[in-house]
Amino acid sequence: MRPTATLQLAAVGLTYAVPILLLNGSLHWRGLLGGWSWEALAALVAGATLAYVPLFCLLIVVAKWLVIGRFRAGVYPLWGFYYFRFWVVKKLVEAAPTQLLSATPFLAVFYRLLGAKIGRNVYLGTTRVMTFDLLTVHDGASLAREAGLLGYRVERGRLILGPITVGRDAYVGLRAILENDTQVGFEAELDDLSVLPAGQQIPAREGWQGSPAQRVRGLESVPPTSRPTPSAAYQVAQLLAIALMLLVPTLASVPTLGIFYECVERWGFEPALLSLLPLSALYVVVLGGLLVLIKRVGAGRQPNGALPLYSPAYVRHWLADAVLAQSLALLKSVYATIYTPYWMRLLGAKIGRRAEISTLNHISADHLTVGAGAFLADSVSVGAPRVQRGVVTVQPTVVGERTFVGNSAVLAGGTVLGANNLIGALSAAPLHTPPDGTSWVGSPAFLLPNRPVSAAFAPALTFAPPARLVWARSVMEVFKIILPFAFSFLTFAILYHYCKWHLLNYPFWSSVGVGTSALLGLIFGFSILTALLKWVLIGRYKPSEKPLWSSFVWRNELVNSLCESYVYPFWVTPLLGTPFATWFFQLMGSHFGHSVYLDTTEITEFDLAWVADHAVLNNGATIQTHLFEDRVMKMSDLRIGRGATVGTSSVVLYDSVIGPGTTLKSLSLLMKGEKLPANTRWQGIPSAFIGSC
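In my numbering, the protein residues as written are 624 to 1316.
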């Protein structure tokens, strides 16, 4: 084992020790004070929750400067000591609660403390920033949601860092990516779902689009206008909104934990554990109810049109967006179920009958209309507002009947799709309203003629299920929703009970060590249980086609829900970027070689993924072994060769092969059935040959 791998494993172990240290500290303090009342305990938890953001952010700032100092441009060996220091800082920053700070002025303060050069009146909608000392963002620039300014990439066994510069009043669009060694000029624009490759720059007052980005228009000079600056009143209101969203999970847990405590008092600890399954359902209902209450009372219905940044209307707009973001983070298991349309309606969206909605990102619910029978797949961005030069512009988005929107697609605000359209994976919807029945792929989108149609299944298995299938799916998806919460509550309850007993009988530091081992054992145990459920409920994934209204699809979603909401956050995510990141995926049936660099969890039908030795899967890369076109789940193998690289946010579709030593660059789409020769480079949506390695 490499020395740095040992250091990484030790660092991961320390991260599990921190919550045990805090838990034992609180139990020890409670014992010294002779016990707390419920009121005092609630006040302490609330105070700790609110203090968590500034204290943890300050800890990250101190750790960054101690561990790595300033990020410096250069090429470093993967798995070397510099990479280890880079990885430590990266993991800390990724753990920071930056999502609650995004689209507020406070995120810029945090990034400046980490070394980034951020000008005045900069809008930071994204948290995808990493090599802070190499980032310069000039006055008035706007970085949209999920814009990628990481400043690094891993390729062919090397960690490559380089500077990024965004000029004054420039705009970087939604999910656009600036690779290292790039510049966006004064008042220039990089459109949504576009990538500026390493070493390129956009001249002043030009608009670029696509993957890779190219010039599509010239831009007129904009007369100077007064820009809204964050007033003291705005900052207080924004801080209160952030505090409210921070407290939501804690408030929602009060009924669940209170009832569980009463069950323990009445029946004893072990019998009371059985109550955690129904109590998990209670937690979901209470948490959802609180979010709906905040949306309807605190944010209200959001109007279309323009509103000034850093105004009272903007705080309400931010709060509405935060409710959607928190629901996706905290209630992810509710999405991609039969209950999702009802949930979206509660939040203000207009959803037609039998519409299927998965994990939507950056959605403006009040401005979304989805027709009957439409299908919105995973990670689709729908109608995100455009923020530029101090103005927030919100426009309605319409998805027509039986239209399919593929994984990671982007529908800009104002998009109108008719009936029976298809927008491909990792594609931008056309700016004009496309004719009904047409298919589109790419960024920018182009018409896709003669799309292959899935195997014919009866309407009862796709668009018109009978009542018995509706009821069967409804019951199955109740367990999909609540089981991850039950696993989490069981982990906390057993750990709390064990630590309390151990602290009464053994020294404090001994209890910390034993408690950390217990936490690791619980997480490992529930992860093994998840793997067992996969092998019992699914067996081995094989190339096939399954209709939406079939038990295979529901069983698959149940397993994925446990992975995404329990195993990934507690086990896999801390190990990403280490040689141990593939362990769980191999347990689930995936085929990974030695020394694979894995910085993504976007792998689903595990047995169908084949990744050879020394391959690289960069941040946010998606191994897409299935698609859901025509309400049919089509799945098959994909293979990534020895030493091959999949770039940041790229998508590899099934039935494809990436040859040894080949690189698929950032924000690229490898289409179904394509085979990339060895030692070549490809980029684009869809990918195209750009050279040899």
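Even glycine gets a Cβ: it sits at the ideal position worked out from N, Cα and C.
Are Cys1122 and Leu819 close, meaning C-beta to C-beta below 8 Å?
-> no
Can you tell me where the alpha helix (DSSP H) with Met868 in it begins and where it stops?
-> Ala855 to Trp890
At which residue ranges does the stretch 702-765 contain complete beta strand (DSSP E) runs of 3 or more residues, listed in the order of the chain?
-> 758-760
Same chain, Cβ closer than 7 Å to Leu899, five either side skipped, listed in chain order | Phe883, Ala1109, Phe1112, Leu1113 and Ala1116
Should Gly830 be labelled buried (16 or more other beta-carbon atoms within 10 Å of its own) or exposed?
-> buried
Could you check if Val803 is buried or exposed, using at least 16 other CB atoms within 10 Å of its CB as the buried criterion?
-> Just to set this straight, residue 803 is Asn in the shown sequence, not Val. When all chains shown are included, Asn803 counts as buried.
Neighbourhood of His1125 by C-beta, 8 Å cutoff - its chain only, sequence neighbours within 5 removed = Ser1133, Ser1134, Val1137 and Gly1138
Could you work out which residue in Asp1260, Val845, Arg695 and Leu797 is closest to Gly763 when comparing CA atoms only?
-> Val845
Let me know the secondary structure DSSP gives Lys918 once reduced to three states.
-> helix
For Trp1132, three-class secondary structure by DSSP = helix
Roughly how far, in whole angstroms, is the beta-carbon of Lys1288 from the beta-carbon of Gly1314, given that I think they are within contact range, below 8 Å?
-> Not a contact, Cβ separation roughly 10 Å.
Through-space distance from Ala1081 to Ser725, alpha-carbon basis | 46 Å
Under a three-way DSSP split, which group does Phe694 fall into?
-> coil
What do you get for Gln1011, buried or exposed, if any count of 16 or more other CB atoms within 10 angstroms of its CB means buried?
-> buried
Look at the alpha carbon of Thr1285 and the alpha carbon of Asn1302, and state the distance between them as a whole number of angstroms.
-> 4 Å
contact_flag[the stretch 682-699, the stretch 871-888] where n(CB pairs < 8 Å) is 3 or more = no
Roughly how many whole angstroms lie between the Cα atoms of Ala978 and His1217?
-> 42 Å
Could you name the residues of the same chain whose beta carbon sits closer than 6 Å to that of Arg735, not counting the 5 residues immediately before and after it, in chain order?
-> Ile741
Below 8 Å CB to CB, which residues in the same chain sit around Phe1312 once its five sequence neighbours on both sides are set aside?
-> Thr1303, Arg1304 and Trp1305
Pick helix, strand or coil for Met1211, following the three-state DSSP scheme.
-> coil
Just mark Val920 as buried or exposed, buried being the case when its beta carbon has 16 or more other beta carbons within 10 Å.
-> exposed
Do three or more CB pairs link the stretch 867-878 to the stretch 671-680 at distances below 8 Å?
-> yes
Per-residue DSSP class, three states only, for Pro1300 = coil
Would you mind giving the Cβ-Cβ distance between Thr721 and Leu730, rounded to the nearest angstrom? I have them listed as a contact below 8 Å.
-> 6 Å
Could you tell me the boundaries of the alpha helix (DSSP H) in which Glu1168 lies?
-> Segment Ser1167 to Pro1170 is the beta strand (DSSP E) holding Glu1168; no alpha helix (DSSP H) there.
Measuring CA to CA, which of Thr754, Thr1227 and Leu947 is closest to Tyr775?
-> Thr754
Contact set for Leu655: own chain, Cβ-Cβ below 8 Å, skip 5 residues either direction = At Leu655 the pLDDT is 47, less than 50, meaning the model places this residue with poor confidence; the figure from the coordinates comes in the next sentence. Nothing meets the Cβ criterion.
Which same chain residues, not among the five before or five after Leu816, have their C-beta less than 8 Å away from its C-beta?
-> Gly796, Leu797, Arg798, Ala799, Ser834, Val1033, Leu1049, Ser1050, Ala1051, Ser1066, Leu1290 and Ile1308
Would Ala633 be called buried (16 or more neighbouring beta carbons within 10 Å of its own) or exposed?
-> exposed
Okay, do the stretch 1013-1029 and the stretch 926-945 touch, 3+ Cβ pairs below 8 Å being the bar?
-> yes
Selection from Arg1163, Asn1241 and Arg1074 that minimises the alpha carbon distance to Asp1253 | Arg1074
Shortest alpha-carbon distance to Ser1272 belongs to which of Thr1245, Val1280, Gly1264 and Gly648?
-> Thr1245
What do you get for Trp702, buried or exposed, if any count of 16 or more other CB atoms within 10 angstroms of its CB means buried?
-> buried
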